[in-house]
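This report refers to the structure that appears directly beneath it.
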Amino acid sequence: MTVGILLLAGGSSRRFGADKRFAKLATGAGLLEATLERIQATGLPLLVCLRSDDADLAALLGERGVACHCCPNSGRGMGSTLADGISAAPPWAGVLVALADMAWIRAETYSHIANMTHPDAICVPIYQQRRGHPVGFGREFFASLARISGDRGARQVILDNPNHTIEVVVDDPAIHRDVDTPDALG
């Protein structure tokens, strides 16, 4: 069963003040670059969801063998980017919805959530009793994800399906760590 990763990288970085995808981490790597490195280490198939006007970035990533989709509705918010991305995804049995500004999640965490994801399940990672990312969605939920719009993420799909939601305990505090402001890069 193939579970892929849908990496949402189409945001406008309003709170950050600049395009945070290229902001440098303490290691010197760019934020998007570091996230991609962790994800690619899993060997899982990947589709990166970019802004509608990111043709140059899509071409650059494409040269590195990274599949990309420029989401026509990315300007409407994360939910719209997710909906565009899920509609463009290959016929995977499941998908991990991952965020480009979460560069510290371990490759093992992605792999573990992918292994737990099956067509009629939603797998949510838990660390110290708090839910985090990435969230795995089985194919049964793709139609619901494709209907999301605006700046809402997939939270409502999870809330609407408590009997299909599996909490997966992980030993990875990075499932809670994202970059919203320049202070968070360190």
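476 is the number that our numbering gives to position 124 of the sequence shown; each next residue is one higher, with no gaps. Note that beta-carbon positions come from the ideal geometry of N, C-alpha and C, so glycine has one too. These numbers were taken from a predicted model, which means no experiment stands behind them.
Alpha-carbon to alpha-carbon, residue j and residue i
i, j, result
"asparagine 515", "methionine 468", "15 Å"
"asparagine 425", "serine 432", "6 Å"
"valine 476", "valine 520", "6 Å"
"phenylalanine 489", "proline 471", "7 Å"
"leucine 388", "valine 487", "17 Å"
"alanine 441", "arginine 483", "25 Å"
"alanine 466", "valine 355", "6 Å"
"leucine 399", "valine 418", "7 Å"
"phenylalanine 374", "leucine 383", "6 Å"
Coil, strand or helix - residue i by DSSP
i, result
"arginine 416", "coil"
"phenylalanine 397", "The sequence shown places proline at residue 397, not phenylalanine. Proline 397 falls in the coil class under three-state DSSP."
"histidine 539", "No answer is possible for residue 539: the residues shown for the chain start at 353 and end at 538."
"glycine 431", "helix"
"arginine 483", "strand"
"threonine 517", "strand"
"leucine 409", "helix"
"valine 522", "coil"
"glycine 488", "strand"
"isoleucine 474", "strand"
Residue i: first and last residue of the uninterrupted beta strand (DSSP E) it sits in
i, result
"alanine 495", "Taken as a continuous stretch (DSSP letters only), alanine 495 belongs to no beta strand (DSSP E), being part of the alpha helix (DSSP H) at 494–498."
"leucine 451", "446–451"
"valine 355", "355–360"
Cβ distance (whole Å) where residue i is taken to contact residue j below 8 Å
i, j, result
"cysteine 401", "leucine 360", "5 Å"
"leucine 377", "alanine 370", "So it is not a contact: roughly 14 Å between Cβ atoms."
"leucine 497", "leucine 451", "Actually they are not in contact, since the Cβ atoms of leucine 497 and leucine 451 sit about 15 Å apart, beyond 8 Å."
Residue i, enclosing alpha helix (DSSP H) - first and last residue
i, result
"proline 386", "At residue 386 the sequence reads alanine, which differs from the proline that was named. Taken as a continuous stretch (DSSP letters only), the alpha helix (DSSP H) holding alanine 386 covers 383–392."
"valine 531", "Counting along the chain, valine 531 falls outside any alpha helix (DSSP H), and DSSP gives it neither H nor E."
"alanine 441", "Careful: alanine 441 lies outside any alpha helix (DSSP H) and carries neither H nor E."
"arginine 507", "507–511"
"threonine 379", "Counting along the chain, threonine 379 falls outside any alpha helix (DSSP H), and DSSP gives it neither H nor E."
| Segment contact, 8 Å Cβ cut-off, at least three pairs: the region 495–511 with the region 522–537 | no
Give a yes or no on contact between the region 490–498 and the region 445–460, applying the rule of three or more CB pairs nearer than 8 Å. yes
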